[in-house]
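Below is one structure, written out as structure tokens, with a few remarks after it.
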Amino acid sequence: MRLSATDLACRRGGRDVFAGVSFSVASGESLTIRGRNGAGKSSLLRMVAGLVRVAGGQLSLEGGDPELTLGEQAHYLGHLDALKPSLSVEENLRFWSAFLGAAASDLSEPLRAVGLDTLSDLPAAYLSAGQRRRLSIARLLTVKRPLWLLDEPTSTLDAAAQARLGEIMKAHLAGGGIILAATHGPLQLDGARELNLDGAAAPRAAMEMSA
Amino acid sequence: MTSLAAILIRDMRIAVRVGGGAMMGVLFFLVVVTLIPFALGPDLALLKRIGPAILWLAALLASLLALDRLFVADHDDGSLDLILMGRAPLEIVVAAKGLAHWLTTGLPLVIAAPLIGLFLNLDAPAAGALVLTLLVGTPALTFIGLIGAAIAVTLRRGGLLLAVLVLPLTVPVLIFGVAAANAAVIGPIPFGTPFTTLCALTLASLVVGPFAAAAALRQEME
């Protein structure tokens, strides 16, 4: 399986964010996306997820399911945790695992992997920011998707949880998965390739220059 | 199918928990209808004549109450992104959310209506006819409301816009709902004529609502 992007361009709110971005990631590989604030790291991930329109260029997943869109074969971990405060830890996770089409209903394994198994009855409203993030990471473990799109996955995580996330990502790569991660900090991944978006800033349109 | 059951169960669970707003609709309904006799005075004949209209208006406003949060809540916490990425068709997901909304706000109104009808001097046959029109008509209110709720997702103060967008669209439902209820209470037209039109309006909104709302959601996520 190989995720390829050729000459991708992104346009949001009438402003060109980046252009001419190309990369290729194969099974078992990860790509770390770097760049200053506003360089388009999150936009690139959302574009792969199908949540932002591709303004130019091509995106394809060779060896993927041709019946499904890219987003349907991906897990997306965004800035927001997609948790309902009035539901318990387990209810939140059970909803996402059922919605995403998990076959098995045993949630103790994913909860243990992120260290939340003792809090499964607690309403998500009482979780700390780091615990909320860990609960969203558990979502990635309930259903198997080849492509993981992680936006600042380590923000709000403490050192132990970051190490745990590193293990989870390594296991995903070892199973033939692909990881795209946007981050400023270090990720606990060996041999991660990097894509820097700073050089991909789109040239300002002529009209804007004269205005 | 599990995706849809998951959405339905989750939304109903959230609605009945603290701060969920399932009971808000019924309480609002109760308060509005209770206030009318105080304002109009104890003219039983008058109350009986305008009772169905009052109950319908109150039901219309009550079913709009929790509607503005329907998609906004999912948008604000990032759930909507994952729902859009999911393999379940968005139209069906939207319909499942609409069904959950109706079961938690519309259905309680229908159940409370005969009791509240007592305040408005409605006798048993009239209350029965009214319940029947509300049972058939309130799903239309919810599913027409879905469109407004989806359009208002990314806007601040979307609740106000929702009312402005949705209320004009509900006018036909209101006309035929009240006409059917009145036909049963005072005549002279047969109950069946406006009632079958009401059924038709509901069936149309059950189909059009989810498609229009899903299209609006897709458009806004760009």
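So the sequence lines, in the order shown, correspond to chains A and B.
Quick note: the first sequence uses the working numbering, first residue 4, plus one each step.
Quick note: the second sequence uses the working numbering, first residue 42, plus one each step.
For each residue, glycine too, the CB sits at the ideal point set by N, CA and C.
In this text the structure is predicted, and so the values were computed from the model without any measurement.
Original post:
Are the stretch 156-166 of chain A and the stretch 52-62 of chain A touching by the rule of at least three beta carbon pairs closer than 8 Å?
Top reply: no
Original post:
Residue range of the alpha helix (DSSP H) that Gly169 (chain A) falls in?
Top reply: Ala162 to Ala177
**OP:** Identify the continuous alpha helix (DSSP H) that holds Ile157 (chain B) and give its terminal residues.
**Re:** Leu148 to Gly158
**OP:** Check the Cβ-Cβ distances between Val113 (chain B) and every residue of chain A, and say whether any is below 8 Å.
**Re:** Not an interface residue.
Original post:
So the beta strand (DSSP E) Asn199 (chain A) belongs to, where does it begin and stop?
Top reply: Arg196 to Asn199
Subject >> Buried versus exposed, by CB contacts within 10 Å (16 or more), Val205 (chain B) >> reply: Exposed.
Original post:
Along the chain, where does the beta strand (DSSP E) that runs through Ser25 (chain A) open and close?
Top reply: Arg18 to Ala29
Original post:
What are the start and end residues of the alpha helix (DSSP H) that includes Leu125 (chain B)?
Top reply: From DSSP, the alpha helix (DSSP H) with Leu125 (chain B) extends over Ser120 to Met126.
Subject >> Simplified DSSP state of Ile192 (chain B), which is helix, strand or coil >> reply: helix
Subject >> Per-residue burial, Asp68 (chain A) [other beta carbons within 10 Å of its own, 16 or more giving buried] >> reply: exposed
Subject >> Endpoints, the beta strand (DSSP E) within which Ile181 (chain A) is located >> reply: It spans Ile181 to Ala185 - the beta strand (DSSP E) in which Ile181 (chain A) sits, taken as one unbroken run.
Subject >> CB contact check: Asp109 (chain B) to chain A, cutoff 8 Å >> reply: Not closer than 8 Å to any Cβ of chain A, the Cβ of Asp109 (chain B) fails to qualify, so no.
Original post:
Can you tell me the Cα-Cα spacing of Ala138 (chain B) and Gly186 (chain B), whole angstroms?
Top reply: The sequence shown places Lys at residue 138 (chain B), not Ala. Taking the straight line joining both Cα atoms gives about 12 Å.
Subject >> Whole-angstrom distance between Pro155 (chain B) and Ala80 (chain B), CA atom to CA atom >> reply: 21 Å
Original post:
For chain B, is any of its Cβ atoms less than 8 Å away from the one on Asp19 (chain A)?
Top reply: no
**OP:** Give a yes or no on whether the minimum CB-CB distance between Ala77 (chain A) and chain B is below 8 Å.
**Re:** yes
**OP:** Would you tell me roughly how many angstroms separate the C-alpha atoms of Ala164 (chain A) and Leu190 (chain A), rounded to the nearest one?
**Re:** Rounded to whole angstroms, the separation of the alpha carbons of Leu190 (chain A) and Ala164 (chain A) is 12 Å.
Original post:
Closest to Ala99 (chain B) by CA distance: which of B:Ala114, B:Lys89 and B:Gly66 is it?
Top reply: Among B:Ala114, B:Lys89 and B:Gly66, the Cα nearest to that of Ala99 (chain B) belongs to B:Gly66.
**OP:** In angstroms with no decimal places, state the Cα-to-Cα distance between Ala209 (chain A) and Gly16 (chain A).
**Re:** Reliability fails at Ala209 (chain A), whose pLDDT of 34 lies under 50, so the model's placement of it is uncertain and the value that follows must be treated cautiously. Distance between the alpha carbons of Ala209 (chain A) and Gly16 (chain A): 17 Å.
Original post:
Between which two residues does the alpha helix (DSSP H) carrying Gly2 (chain A) extend?
Top reply: Summary: the structure shown does not reach residue 2 (chain A), with chain A confined to residues 4 through 214, and so no result is reported for it.
Original post:
Counting Cβ pairs closer than 8 Å, one from the stretch 162-182 of chain B and one from the stretch 82-99 of chain B, do we hit at least three?
Top reply: yes
Subject >> 6 Å CB neighbourhood of Leu112 (chain B) in its chain, flanking five on each side removed >> reply: Checking the sequence, you will find Phe at residue 112 (chain B) rather than Leu. Here the set comprises Ala190, Ala191 and Val194.
**OP:** Identify the continuous beta strand (DSSP E) that holds Thr35 (chain A) and give its terminal residues.
**Re:** Ser33 to Arg37
Subject >> Close-in-space but distant-in-sequence residues of the same chain around Val117 (chain A) (CB under 6 Å, 5 per side omitted) >> reply: Arg137, Ile140 and Ala141
Original post:
In terms of alpha-carbon separation, which member of A:Thr186, A:Asp120 and A:Gly178 lies closest to Gln134 (chain A)?
Top reply: A:Asp120
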